[in-house]
Amino acid sequence: MKSKGLTIKHLCLLILLVVGAFCSRAEAAYVVSHPAVETKQLTTAQLRRIYTMRQTTWPDGQGIVVYTLPSSHPTHQEFTKTELKIFPYQLDKMWIKLTFSGLAQPPVKVNSMEELIEAVKSTPGAIGYVDKSSPLDGLNVIAKEAK
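Using mature numbering (1 follows the signal peptide of the UniProt record, and there is no 0), the letters of the sequence shown correspond one by one to residues -28 to -1, 1 to 119.
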C-alpha cells in the first residue's frame, strides 16, 4: 500500500511539473518591432501571415522586414510553437517553397538574440521576437490580440 501512495504522489508531482513547464512556455517570447511601427497588437493569424511572408506591409503601407533566429535556436522553436502555432520545420518548408517559387524573399536570419535586437532597432518596419529575459529598450513590444 505504501508504494501505491508514493506512485500517486510521484504522478501528481509529474503532472504539476508538466503543467508548470507548459505554462511557462506560453510566454516564452515577446514579439517586437522597430520603434516607429505603429502596430501595438497582432492576432496569431496576422503574426502567422507576416512570418509566412504573406503579409509584407504594415497597415500604414510601410514594408515589413522579418528577422528570425536560426531554426535550431530554442527561442525560435518556442516562438513558432507558441505564437505561430506551427512547428519550426513547417515554417522552414514554407520559406523554402516561397523562395524557390519566386513568390517571396525569406526572412533575414541572424545568429544571436543581440544581433536580432540591434537589427530590429535599426531597420524601419522590422519585426522580430526576443526571449523574456532580453532588454526591450528602444523596441516596440507588440501584444498578442485574442481572436
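Even for Gly, the Cβ is constructed at its ideal location relative to N, Cα and C. Quick caveat, the model's predicted, so the values are computed rather than measured.
Buried/exposed call for residue i, threshold 16 Cβ in 10 Å
i	result
R(-4)	Its pLDDT being 40, under 50, R(-4) is placed unreliably in this model, and the value from its coordinates should be taken loosely. It counts as exposed.
F61	For clarity, residue 61 is Tyr in the given sequence; the question names Phe instead. Looking at its Cβ environment, which holds fewer than 16 other Cβ atoms inside 10 Å, Y61 is exposed.
L108	exposed
F72	exposed
G100	buried
S105	exposed
V102	buried
T29	exposed
residue 141	No answer is possible for residue 141: it lies beyond the span of the chain, which begins at -28 and ends at 119.
Backbone secondary structure at residue i - three-state DSSP
i	result
K81	strand
S73	helix
residue 127	As displayed, the chain neither begins before -28 nor continues past 119, which places residue 127 out of reach and without an answer.
E87	helix
A17	helix
Residues near residue i by beta carbon distance below 8 Å, same chain, minus five either side
i	result
T16	E55, L56, K57, K116 and K119
D32	E10
Same chain, Cβ closer than 6 Å to residue i, neighbours up to 5 away in sequence not counted
i	result
D64	S43
T40	P79 and K81
V37	T95, G97 and A98
Y2	V102 and V113
residue 125	Residue 125 cannot be examined here, being either before or after the span of the chain that is shown, -28 to 119.
R20	L56
Q34	G97
M66	T24
Own chain partners of residue i with C-beta closer than 7 Å, once the 5 adjacent residues on each side are dropped
i	result
G110	P7 and K93
K12	I114 and A115
Exercise for review: Could you pull out every unbroken beta strand (DSSP E) segment of at least 3 residues lying fully inside the segment 19 to 65, listed in chain order?
Suggested key: 37 to 40
Review point. For the segment 23 to 31 against the segment 77 to 90, are there 3 or more C-beta pairs whose distance is under 8 Å?
Key: yes
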